[in-house]
Amino acid sequence: MKELNNLRRILKRPRRYARARRGAHPLRRLVPAAWLAAPLLAALLLPLAVVPQRGGQQPPAPPAVPQATAAPAPPAPAAAAEAPQPEVTVYLSRSGQIETLPLEEYVSGVLAAEMPAEFELEALKAQAVAARTFIARRLVAGDHSGVPVPEADVSDTVSHQAYVSQAVLERDWASGSKRAGLAKIRRAVLETRGTIMTYQGQPITASFFASSGGYTENSEEYWNAAVPYLRSVASPWELQITPNLAVSYTFSNSELRSKLGLGTKDLPAVASLGASGKALPVSSQSSTSLPAEVLSLTAGHRIKQISIGGKVFTGREVREKLGLRSSQFTWKRQAGKVQITTYGNGHGVGMSQWGANGMAKQGKTATQILKHYYSGVTFTGISTLLKK
């Protein structure tokens, strides 16, 4: 019996040893197996690490540099929220009060006043950048010119930029029929947040006007100063969509004599331009009619100089003296009076608002619109500029 028990113990020992070995052997094989499998696991897990879950927060994209084929890109939301906005003080001409508000809210007020909310979003975005650039130039230069009180940066009139106060926006725009328009305006401002136009590192004079007769104007033709980014360019997009593109005025002889300071003599029968841009012959209907001749045109196809009754006027002078919409006009005598027909509306320098809307309707972006009307400009953030 004792021998039998010893034999059983001997037989059991290898089995326990085998179990121990079997327990240890897989562990020894696991380590090299894991190393061999590591590249495969990494390849499988890597896509999970870089593809965000649907509905989750994606990592912020790097700041985009505005290109000619893309709209001006606003800063990433987190960065924009961290950067404090400069404040703008606006002189309200009707009440004589001063309104102080953040820059982007000011741009919203300008956009509401300067461009119809029904315009295409990309046109509104282009206008927002132009409006922001205008005030940025004044802030950087510390320019308070044209403001009745020294503590204001700008007025709410077209002498600077038209502006709708925050109180009026909340009262008349925040509800009712204009609510959707206000939301669209604020979207245009948000999507261009902080973006301005610069030339050689400085904010440009971002002039704009309602509509052209097919071309914008060189700056020197209106302000007697050549600005490299305010060049005459073709603007055909508004010709088919602008209401009242051509508007006629009728003046009596006495009105014109008074407004132009021509004295008591009669006025020319006809003074207009042919297709070649040369003056058409003046046809006299009476022996007392005075000669009139268009002497030259501007690059923007407006009247540069015109002789009326022996006195030479610039097209701008005639426009301002007679209260015309544009200095692109024709002039003829009709039924004993003089009829003047203008084309377009405004001084013609910079961006045509109706032209911008026409470009947007054809799929052009805000950047493409701005780069067309302002030659050679670049885009930058206003916060970067103000830090300098």
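Under my numbering, the first residue of the sequence shown is numbered 3, with each subsequent residue one higher.
We put the beta carbon where it would ideally sit given N, CA and C, even for glycine.
In the structure shown, leucine 105 adopts helical secondary structure according to DSSP, grouped into three states. Glycine 346 places its beta carbon less than 7 Å from that of glutamine 330.
Between tyrosine 231 and tyrosine 201, the beta carbon gap of about 5 Å places them in contact (Cβ cut-off 8 Å). Listed as beta-bridge partners of proline 205 by DSSP are Thr200. In this structure, alanine 301 keeps its C-beta atom at 7 Å or more from the C-beta atom of alanine 128. Contact between glycine 350 and tyrosine 224 holds, with the beta-carbon distance rounding to 7 Å and staying under 8 Å. Going by DSSP, threonine 369 is part of the alpha helix (DSSP H) stretching over 368-375.
When DSSP reads this structure, phenylalanine 136 sits in no beta bridge, so it has no partner. Alanine 114 is bridged by DSSP to nothing; it lacks a bridge partner. When the alpha-carbon of serine 97 is set against those of Thr159, Ala208 and Glu122, the nearest one is in Thr159. In this structure, glutamate 101 lies away from glutamine 87, with their beta-carbon atoms at least 7 Å apart. In this structure, the alpha-carbon of glycine 338 lies about 41 Å from that of tyrosine 375. Residue pairing by DSSP places serine 97 opposite no residue, since no beta bridge is assigned to it.
Each of Ala362, Ser213, Gly365 and Ser167 was checked against the Cα of serine 95, and the nearest Cα belongs to Ser167.
Between alanine 368 and glutamate 122, the C-beta gap is not smaller than 7 Å, which leaves the two residues out of contact. The Cβ-Cβ distance between valine 142 and proline 238 does not fall below 7 Å.
For glutamate 116 against leucine 103, the beta-carbon gap comes to about 17 Å, at or over 8 Å, which does not count as contact. Considering only Ala138, Tyr108, Leu126 and Ala119, the residue with the shortest C-alpha distance to leucine 388 is Ala138.
Residue pairing by DSSP puts asparagine 347 in a beta bridge opposite Ser213.
Between the alpha carbons of arginine 335 and phenylalanine 253 lies a gap of roughly 9 Å.
If you ignore the 5 residues before and after arginine 140, its C-beta comes within less than 7 Å of the C-beta of Asp155 and Val156, all in its own chain and listed in chain order. Annotation: threonine 343 to tryptophan 333 spans about 7 Å, alpha carbon to alpha carbon.
The Cβ-Cβ distance between threonine 194 and valine 131 falls below 7 Å.
Distances from the alpha-carbon of valine 191 to those of Arg134, Lys323 and Ser328 put Arg134 closest.
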